[in-house]
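If you're matching positions, the sequence shown starts at 21 in the working numbering and goes up one per residue.
Just so you know, even glycine gets a beta-carbon here, dropped at the ideal spot from N, CA and C.
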Amino acid sequence: MKNRHVLQCVFAFTLVLVFSLFYPSFSFAANLTTAKDTLQSSRMSFSGRVKSPTIAGSTHVWIYTTAATVFTSVSTAGLKPGDSLVIGGTNSYTIASIIDDDEFTTTTVLAAGDADDTDVIYFKALPQHVITFKTASAVPAGFFRVLIPADSTPATANNGIPDITGFDFNTTPTATGTNASGYTFSAGVATASGSTGCTSPANYHCFEYHYIGAGGIGTDITLSIGNTGGTANIIAPAPSASRVANTADAYTFKIQNFTDTSNPNSATPTDDVTGKVAVIESVRVTATVDPSITFKIEGVNSGASACSLTTDVTTTNASVPFGVMALDTFKAAAQLLTVSTNAVSGYVVTAIENSRLSNLATSPSYIPDTTCDNNLCNETTSDTWATATNNPGFGYTVAVVANAPTIAPTAPNYQHFPSLADVESPFQIMSNATIASSQQAHVCYKLSVDATQPAGNYENQITYTATASF
């Protein structure tokens, strides 16, 4: 009888356990999936200081190469010709050329009061944020809240100056949701960290996207902060105080889904996810849920075989020096891209240039982006480009090196890079739909100039971005 009573107790406990497994409490938030915050550009902002012997009336600027408090930019590596800088606190100047690690020139002379030792130098990087994810629950007529890391002092986090511990709110950013099945969005609400409605968790800016509709499970959602023109965007961080040169700064962002009547400062979200975004001057890696991703750019020697051509110059991880060009003659160069990630949904690598190859000292003048042999290729469409004569320009193609990534464009077809100056979107050049180990591709550059090209030195900047999707 006693054994029978024990068996009844065990059976009852088993029923309770089984019930709890099949009917978990709704109060526990589910994870939103495939979540990422993709930045339009990976560039950090610049927060540095003027150094003697810089003087007013000159275009030559020296910077400090040691950090002090919030002035952590200690090299010109994060700057490029054409950048608009604030020097001295209020006046704006355009960079004409980069001389070396601690010197650059401007297109206009420095005004009195802007060349004093330790005067501030700011560059504001203003990338659009595009947040994407899949819903976990059908929450009718609710709202999503995106939390972007901010400085711990609210006044500092919203003063229009780059911060070193988070993104500056920059007064009036916009928040926009893209309608999807079950989700019709109204105008988003952006609130600076510490302001009414955005106090918990601390040190985050809040972006709310309210919608009507029944919601859905597994629905792809796209939310944006700012625009591609940079006119209503938050300011990307300058290097953190603890950053080691050539390494990324990592920041945590959050996405939450609430019912319509919830107070997001105190309520528990129905669903949420925490992600990490790592930023560096020329490479930005975005991932979620403790990601593992590596992205490497390496140079290729002159005389190497890549993309069915032989390279004419030796490149490094950070430069493609074509050197002196002969008229109506191609020069070719290449770099090697390598990506590894444990992201179950794989990764994408995108590319974008800041502008055409430019010589700001001459009017300015530009080397055109290629339109290929038949005047048919552009930033999204490729075509054959085998003849240098009468087809001047700068373009690229891609070739698989190892472990079969998906690539575009492919030789013998070429196209040109999309341009930030023309408000174009980055182009996907390399990807994989699942976990990847040391996938490699060559990016091969080709350049031709004709007799109408003004003499001078030309340059631009190409930004490659690797994004993992978990």
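According to the Cβ coordinates, are residue i and residue j closer than 9 Å?
i: G366; j: S458; result: no
i: F164; j: F278; result: yes
i: P169; j: N223; result: yes
i: T79; j: V129; result: yes
i: P446; j: T391; result: no
i: T485; j: T191; result: no
i: D188; j: G180; result: yes
i: I141; j: G68; result: yes
i: T92; j: A261; result: yes
i: P412; j: D470; result: yes
i: T404; j: D389; result: no
i: G109; j: A135; result: no
i: S328; j: A419; result: yes
i: L243; j: T204; result: no
i: R376; j: F350; result: no
i: T219; j: N285; result: yes
i: V368; j: S439; result: no
So residue i and residue j are supposed to be a Cβ contact under 8 Å. How far apart are they, rounded?
i: Q355; j: V421; result: That belief does not hold up - the Cβ atoms of Q355 and V421 are roughly 11 Å apart, past 8 Å.
i: Q435; j: S402; result: 4 Å
i: P182; j: I255; result: 5 Å
i: G98; j: T114; result: Not confirmed; about 16 Å, so no contact.
i: V293; j: A55; result: 5 Å
i: V159; j: T334; result: At roughly 56 Å, the Cβ-Cβ gap does not stay under 8 Å, so V159 and T334 are not in contact.
i: T336; j: A352; result: Between A352 and T336 the Cβ distance is about 16 Å, and since that is not below 8 Å, they are no contact.
i: I241; j: A156; result: That pair is no contact at about 11 Å.
i: A212; j: N178; result: 4 Å
i: H149; j: I232; result: Contact flag wrong, Cβ pair sits at about 24 Å.
i: L357; j: I313; result: Incorrect: roughly 13 Å between the Cβ atoms, too far for contact.
i: I119; j: T126; result: The Cβ separation is near 12 Å, so there is no contact.
Could you tell me the distance, in whole angstroms, from the CA atom of residue i to the CA atom of residue j?
i: T382; j: G476; result: 8 Å
i: Q473; j: I387; result: 7 Å
i: F143; j: G208; result: 27 Å
i: Q481; j: A441; result: 11 Å
i: G249; j: P147; result: 9 Å
i: P341; j: N374; result: 17 Å
i: S206; j: A234; result: 15 Å
i: F48; j: V106; result: Bear in mind that the predicted position of F48 carries a pLDDT of just 36, short of 50, making it too unreliable to give a figure here.
i: N23; j: I151; result: Residue confidence for N23 is low, a pLDDT of 44 falling below 50, so the modelled location carries little weight and cannot support an answer.
i: D121; j: K100; result: 12 Å
i: P425; j: N410; result: 34 Å
i: P429; j: Q448; result: 9 Å
i: V264; j: T487; result: 22 Å
i: F66; j: A87; result: 12 Å
i: N253; j: L347; result: 42 Å
i: I75; j: N379; result: 25 Å
i: V364; j: A456; result: 9 Å
i: T483; j: R63; result: 8 Å
i: F437; j: A287; result: 46 Å
i: S201; j: A408; result: 49 Å
i: P174; j: G214; result: 6 Å
i: E479; j: P221; result: 44 Å
i: S104; j: T281; result: 44 Å
i: T400; j: T417; result: 12 Å
i: V166; j: Y229; result: 8 Å
i: H225; j: P259; result: 19 Å
i: T138; j: Q60; result: 31 Å
i: K296; j: L52; result: 14 Å
i: V94; j: S339; result: 20 Å
i: P432; j: G162; result: 50 Å
i: T89; j: N423; result: 45 Å
i: C397; j: V443; result: 18 Å
i: D269; j: F315; result: 15 Å
i: T196; j: S72; result: 45 Å
i: T498; j: T272; result: Residue coverage of the chain in this structure runs from 21 to 490, which leaves residue 498 outside it and unanswerable.
i: T361; j: T267; result: 17 Å
i: L41; j: T251; result: Low confidence applies to L41: its pLDDT is 32, below 50, so where it sits in the model is not reliable enough to give any reading.
i: E123; j: T96; result: 7 Å
i: T239; j: T176; result: 37 Å
Any heavy atom of the ligand ZN closer than 8 Å to the Cβ of residue i?
i: E479; result: As far as ligands go, the structure on display features none, and thus does not contain the ligand ZN.
Can you give, in chain order, each stretch of the beta strand (DSSP E) that sits fully within the segment 83–139 and has at least 3 residues?
104–107, 111–120 and 123–126
Could you tell me which uninterrupted beta strand (DSSP E) segments, each at least 3 residues in length, are contained entirely in the segment 229–300, listed from first to last along the chain?
240–245, 269–278 and 291–299
Counting Cβ pairs, one atom from each stretch, are 3 or more of them under 8 Å apart for the segment 65–85 and the segment 310–323?
no
With a floor of 4 residues, list each alpha helix (DSSP H) that falls wholly inside the segment 338–364, ordered by position along the chain.
none
Of all the beta strand (DSSP E) runs that stay within the bounds of the segment 375–440, which reach a length of 3 or more residues?
Runs of the beta strand (DSSP E) inside the segment 375–440: 377–379, 385–387 and 413–422.
Could I get the ranges of all uninterrupted beta strand (DSSP E) runs contained in the segment 156–218, with 3 residues as the minimum, in chain order?
Counting whole runs of 3 or more residues, the segment 156–218 contains the beta strand (DSSP E) stretches 163–169, 195–197 and 209–211.
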